[in-house]
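Asker: Under the working numbering, read the sequence shown as residues 11 to 391, first letter to last. One structure is given below, represented as structure tokens, and several questions about it will come after.
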Amino acid sequence: MTMLENFAFKRAHLAKAYCDSVAGKGIANATSGLFLAGPRRVGKSTFLIEDLIPEAKARHWLPVYVDLWANKLTDPALLITEAIKTSIATYKNKLIKLAHKVKLQKINILKTVELDFSKPGLPDNVTLVDILNQLIQLAEKPVMLIIDEAQHALTSKEGINAMFSIKSARDQINKLHKTSDLMLVLTGSNRDKLAQLVIKKDQPFFGSEITAFPLLGKDFTDFFTVEVNKALAKNNQFNKDSMWEAFQFIGHRPEILRQMVGRVAICHDAASFSDLLKQDVSTWNMQIWEEFENDFNALQPLHRAILTLLVKQGRAWSPFSEESMQHYQHAINQPILSVSTVQTAIQTLREQEFIWQSSRGVYAFEDECFAEWLKNSSMAC
């Protein structure tokens, strides 16, 4: 199985289509921004890094990639700013080295913007619009700003302001240059969360559309099966159809498929690979469901009542409405319940990563798989 260490399934056609789209040349125009939503661990980040970024470079664009989940404790606005500053620094290496030698910390960019690379963030008189514009001028090429897990920006006021600044930069730069010099790609692991950037008039990208990230298909599992079988004896081969069936069962998650294939290959006879793979998938699915159930049962009654109502009402959920409060009271058999008690319970659920909340009070489940389990379980009936 060592030969699979460098396994790579390329999605070049998809990358080309998305690049055409953000440049305004494709059938689907995404010059306002490409917003890709898909579940966790289905290959979004891998696609961005291994397919989309290389395609952008091939077009002589400058891709700037930032993952807002790289450090959840760091404000999203700061992560975005530092990613752009890092790109600027690549064009100012000689000046920066010189500055360090003579103990200068501030670099003047094109005689208009002064950045301090020794400190995080931006000076009060410098904006994201400024540094994005300067980056484009320094690079002398269009910039594709890729923000992975962009919904995390909504968790702070600074993050939301950064999104407004990026939208403003897109409008100003592209209008000034009369071309798509700043292209935006934003991804999210939760469609409802990512949608908060586009569905309301007071959000930065109101009017844009969410695009479902295409899941890997049978062409992926067929290719994967061929590569796996190369490492096995001819009489010990995986079956393409069985591999595809297993892949669908685990929600099109390539990493999990590789782990299961590895376990089956190491621990079992090859003649039974296909059946054992199905069995392993079934066992994995049951374990995940049992874990969800155990986590749910370990919660306090009020916490369970809150989650049950959220999964039923979705975006329409109003946690402190009269109807909601009555639901909680009935669920926990407590005639008197204060709003502050419910607020504390919601905060606990946020800390335990059951619930996500934007800075403007919009709620969603952190894990869509957990929400799916809860929706389908008898507890949510």
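Positions of the beta carbon are idealized from the N, C-alpha and C atoms, including for glycine. Model, not experiment: these values are computed from the prediction.
Assign Leu-132 to one of three DSSP states: helix, strand, or coil.
Answerer: In the structure shown, Leu-132 sits in coil (DSSP, three-state: anything other than H, G, I, E or B).
Asker: Would you grab the beta carbon distance between Leu-204 and Gln-161 for me? Rounded to a whole angstrom, and I think it's under 8 Å.
Answerer: Contact flag correct, Cβ pair sits at about 5 Å.
Asker: Examine the Cβ distances between the region 161-179 and the region 212-227 and report whether three or more of them are shorter than 8 Å.
Answerer: Yes, the region 161-179 is in contact with the region 212-227.
Asker: Just the Cα atoms here: how many angstroms apart are Glu-361 and Phe-302?
Answerer: Glu-361 and Phe-302: Cα-Cα distance of roughly 17 Å.
Asker: Quick one: give me the first and last residue of the beta strand (DSSP E) that Tyr-8 is part of.
Answerer: This structure leaves residue 8 out entirely; the chain is present only between 11 and 391.
Asker: Less than 8 Å separating the beta-carbons of Gly-198 and Ala-87?
Answerer: No.
Asker: Determine the closest residue to Ser-331 out of Val-349, Leu-309, Ile-266, Ile-276, with distance taken between C-alpha atoms.
Answerer: Ser-331 has its Cα closest to that of Val-349, out of Val-349, Leu-309, Ile-266, Ile-276.
Asker: Does DSSP put Gln-367 in a helix, in a strand, or in coil?
Answerer: Three-state DSSP puts Gln-367 in a strand.
Asker: Could you check the C-alpha separation between Gln-182 and Met-193 for me, to the nearest Å?
Answerer: Taking the straight line joining both Cα atoms gives about 12 Å.
Asker: Taking Cβ to Cβ, would you say Ile-98 is nearer than 8 Å to Leu-145?
Answerer: Taking 8 Å as the Cβ cut-off, Ile-98 and Leu-145 qualify as a contacting pair.
Asker: Can the beta-carbon of Lys-210 be found less than 8 Å from the beta-carbon of Glu-255?
Answerer: Contact: no.
Asker: Look up Val-195 in the DSSP assignment and give the residues it is bridged to.
Answerer: Looking at the DSSP assignment, Val-195 forms a beta bridge with Leu-44, Ile-156.
Asker: Measuring only the C-alpha atoms, how far is Ile-37 from Glu-159?
Answerer: Approximately 26 Å, taken between the alpha carbons.
Asker: When the Cα of Leu-186 is compared with those of Met-173, Val-139, Thr-96, Pro-224, which residue comes out closest?
Answerer: When each option's Cα is compared against that of Leu-186, the closest is Val-139.
Asker: How far does the alpha helix (DSSP H) with Ala-222 in it extend, from its first residue to its last?
Answerer: Unbroken run through Ala-222 is the beta strand (DSSP E), 220-222; no alpha helix (DSSP H).
Asker: Across which residues does DSSP place Pro-73 in a beta bridge pair?
Answerer: Pro-73 pairs with Met-154.
Asker: Report back the beta-carbon spacing between Glu-265 and Arg-69 to the nearest angstrom; my notes put them in contact at under 8 Å.
Answerer: 29 Å between Cβ atoms; not a contact.
Asker: So Arg-360 is in the alpha helix (DSSP H); what residue range does that whole segment cover?
Answerer: Here the alpha helix (DSSP H) through Arg-360 covers 349-361.
Asker: Leaving out five residues before and five after Met-270 in sequence, what residues of the same chain have Cβ atoms less than 6 Å from its Cβ?
Answerer: Around Met-270: Asp-290.
Asker: If you reduce the DSSP assignment to three classes, tell me which class Gln-213 lands in.
Answerer: Residue state, collapsed to three classes: coil.
Asker: Rounded to whole angstroms, what is the Cα-Cα separation between Ser-31 and Trp-327?
Answerer: Rounded to the nearest angstrom, the two C-alpha atoms are 35 Å apart.
Asker: Determine the extent of the alpha helix (DSSP H) in which Phe-234 is found, giving its start and end residues.
Answerer: From DSSP, the alpha helix (DSSP H) with Phe-234 extends over 228-239.
Asker: When the Cα atoms are used, what is the spatial distance from Gln-147 to Lys-26?
Answerer: Distance between the alpha carbons of Gln-147 and Lys-26: 25 Å.
Asker: Expressed to the nearest angstrom, what Euclidean distance is found between the alpha-carbon atoms of Ser-190 and Leu-44?
Answerer: Taking the straight line from one Cα to the other gives about 13 Å.
Asker: Do you know whose CA, among Glu-237, Thr-231, Asn-200, Ala-243, lies nearest Ala-222's CA?
Answerer: Ranking Glu-237, Thr-231, Asn-200, Ala-243 by Cα distance to Ala-222 puts Asn-200 first.
Asker: One question on the structure: do Tyr-338 and Val-321 come within less than 8 Å of each other, judged by their Cβ atoms?
Answerer: No, Cβ-Cβ distance for Tyr-338 and Val-321 is not below 8 Å.
Asker: So what's Pro-395 in DSSP terms, helix, strand or just coil?
Answerer: Residue numbering for the chain in the displayed model covers 11 to 391; residue 395 lies beyond these limits and cannot be assessed.
Asker: Please classify Lys-167 as buried or exposed, where buried requires at least 16 neighbouring CB atoms within 10 angstroms.
Answerer: Per the 10 Å Cβ criterion, exposed.
Asker: Pop quiz: Val-74 and Ile-94 are said to be a contact at Cβ under 8 Å. What is the actual Cβ separation, rounded to whole angstroms?
Answerer: Contact holds; Cβ gap of about 6 Å.
Asker: Report the three-state DSSP secondary structure of Pro-264 (helix, strand or coil).
Answerer: Pro-264 falls in the helix class under three-state DSSP.
Asker: Determine the burial state of Asn-143: buried for a count of at least 16 other Cβ atoms within 10 Å of its Cβ, exposed for fewer.
Answerer: The residue is buried, with at least 16 neighbouring Cβ atoms inside 10 Å.
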